[in-house]
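First comes the structure, then the notes that go with it.
Numbering (this note's numbering), first residue to last: 3 to 558.
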């Protein structure tokens, strides 16, 4: 395809998105009015409009990803082809979402119907997203090779050097051990942990002045995304996810810890000694953090913890747990009654532990069997009169009741990092698919010779490219002090996309994809967890993204 023709299609797609943006914002504004009889959002009304709110959150993700991907193109023909494929798919998804919203709210359908019936849209859909376009993009992708860098991502030289180093480490050290860890449900070994300590992985979000590798002023979310993506490509559970726990805990400490706590804990966390785990979720309360019930009772010199936590990943191996605890006995205090306590314990290998304090307190844990995401193990925890000293309350006496805010400060980075984990898994799945379809012959020809295979590869690549472009763009916003809601938005999109891409990768592998000996079977089951942890997609869509969009729409 001629460069001029490709650029004309890009301009056409940008123009269509520019027409869609005000229609989307009009729908959001109407939903905001329906949820705010006065000047503020009403909780009961929001609950009534959960379906609509969920849809606008997804519409926002598709729209922003398409806009960002097209805006950051640098003239590379393959990147332009993939951006157009994603944009066409995004518009095709947006139109019915917005139409359903209009029907729900009694808004006129004519503007949307006019755009849907527009000749420009039909022409673009055929030229940039039709069978010939998909096949051509697939051929260009195959010709470029499976190591092609997808997504319009501009990195500075030090970040490129780090990316190269961690990709080599992931390929040479992590990947050879990944299958054994997954298939035998083994704990992440020291043969991975120690080199990662040596490379400074656990201190990416910790300032240099406190022993980490992050900047003393602001943050370097881009470096964190690069490292996470590279490690996750080799193994989500045995490498890429190891960064998440110190990321969340260090951000919580930086946000609310006393100077003494920062000086005590941040250098140790950066060194990976102790390893960390995060205990938030409880058996009866998943993403509903405000309703958490693990009880902290005041005692001489500290607190006694009683209750249970669940889905506490890496709790066995970790020597330090960040435990969100209800320190105010008045349950009506909601999130204002929560504090964050640092629980110290010995490190254990294996799938269960039972730690008893000299004073009689007890903390026991048992790993939850899972279909994927093996290696770190997620634990059920039981606290029985477990003593935590006052010095281990983040923020000290002034931090009591502020645990919700400290936790949310930590979760922004965790969600951004999870989008990078999703991109790493997608990249691994796509590369594996390109290699397999080149080698595998069906009916006398390589799989890559068939139009449907090429179309599948093109769509997988387009989705990966869009998610990577958006992830790095939002990392730039975080570096500049913004992007908090957008970090949840890209997490929402990238994690669902990882499910889609790994599903297609497994399908392209056929029966071999369903075999445990094939890496894509691991990518598939690992990807499924991404939309659940660090904020389930429903919670992110309703409570973070949707609510933020509605609040912004109500502003004068």
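Glycine is no exception: its CB is placed at the ideal position from the N, C-alpha and C atoms.
By the 10 Å Cβ neighbour count, where 16 or more other Cβ atoms means buried, how is residue i classified, buried or exposed?
i           : result
residue 516 : exposed
residue 7   : exposed
residue 99  : buried
residue 2   : For residue 2 there is no data in the structure shown, the boundaries of the chain being 3 and 558.
residue 373 : exposed
residue 420 : buried
residue 278 : buried
residue 464 : buried
residue 511 : buried
residue 105 : exposed
residue 364 : exposed
residue 167 : exposed
residue 115 : exposed
residue 179 : buried
residue 185 : exposed
residue 19  : buried
residue 108 : exposed
residue 347 : buried
residue 41  : exposed
Considering only C-alpha positions, which residue in the set the options is nearest to residue i?
i           : options            : result
residue 195 : 235, 320, 452      : 320
residue 481 : 491, 207, 369      : 207
residue 354 : 76, 346, 367       : 367
residue 342 : 505, 93, 394       : 394
residue 205 : 47, 269, 43, 34    : 269
residue 81  : 91, 94, 54, 150    : 150
residue 128 : 183, 145, 14       : 14
residue 10  : 390, 296, 130, 101 : 130
residue 548 : 333, 422, 52       : 52
residue 56  : 79, 32, 103, 157   : 103
residue 95  : 25, 282, 65        : 65
residue 487 : 457, 181, 415, 423 : 415
residue 73  : 529, 62, 89        : 89
residue 369 : 557, 352, 249      : 352
residue 231 : 173, 183, 340      : 173
Hey, could you find the ends of the alpha helix (DSSP H) residue i is sitting in?
i           : result
residue 137 : 133–146
residue 1   : The requested residue 1 does not occur in the structure, where the chain is confined to residues 3 to 558.
residue 93  : 79–107
residue 409 : 405–441
residue 458 : 453–481
residue 490 : 486–511
residue 186 : No alpha helix (DSSP H) contains residue 186, which DSSP labels as neither H nor E.
residue 248 : 246–258
residue 523 : 521–532
residue 166 : 159–171
residue 514 : Segment: none, residue 514 is in no alpha helix (DSSP H) and carries neither H nor E.
residue 543 : Neither: residue 543 is in no alpha helix (DSSP H) and is coded neither H nor E.
Secondary structure at residue i, three-state DSSP: helix, strand or coil?
i           : result
residue 315 : strand
residue 204 : helix
residue 373 : coil
residue 341 : strand
residue 275 : coil
residue 24  : helix
residue 391 : strand
residue 366 : strand
residue 380 : strand
residue 5   : helix
residue 445 : coil
residue 310 : strand
residue 209 : strand
residue 282 : coil
residue 386 : strand
residue 400 : helix
residue 336 : helix
residue 537 : coil
Could you give the residue range of the beta strand (DSSP E) that holds residue i?
i           : result
residue 42  : That residue, residue 42, is in no beta strand (DSSP E); it is neither H nor E in DSSP.
residue 328 : 322–328
residue 356 : 354–358
residue 300 : 297–301
What whole-angstrom Cβ distance do residue i and residue j have, given they're in contact under 8 Å?
i           : j           : result
residue 171 : residue 209 : About 24 Å separates the two Cβ atoms, so there is no contact after all.
residue 494 : residue 59  : 7 Å
residue 471 : residue 153 : 4 Å
residue 93  : residue 22  : 7 Å
residue 477 : residue 418 : 7 Å
residue 326 : residue 294 : 6 Å
residue 542 : residue 499 : Not a contact, Cβ separation roughly 14 Å.
residue 181 : residue 521 : 7 Å
residue 536 : residue 413 : 7 Å
residue 435 : residue 459 : 6 Å
Can you find a CB in chain B that lies within less than 8 Å of the CB of residue i?
i           : result
residue 218 : The displayed structure is made up of one protein chain only, and chain B is not part of it.
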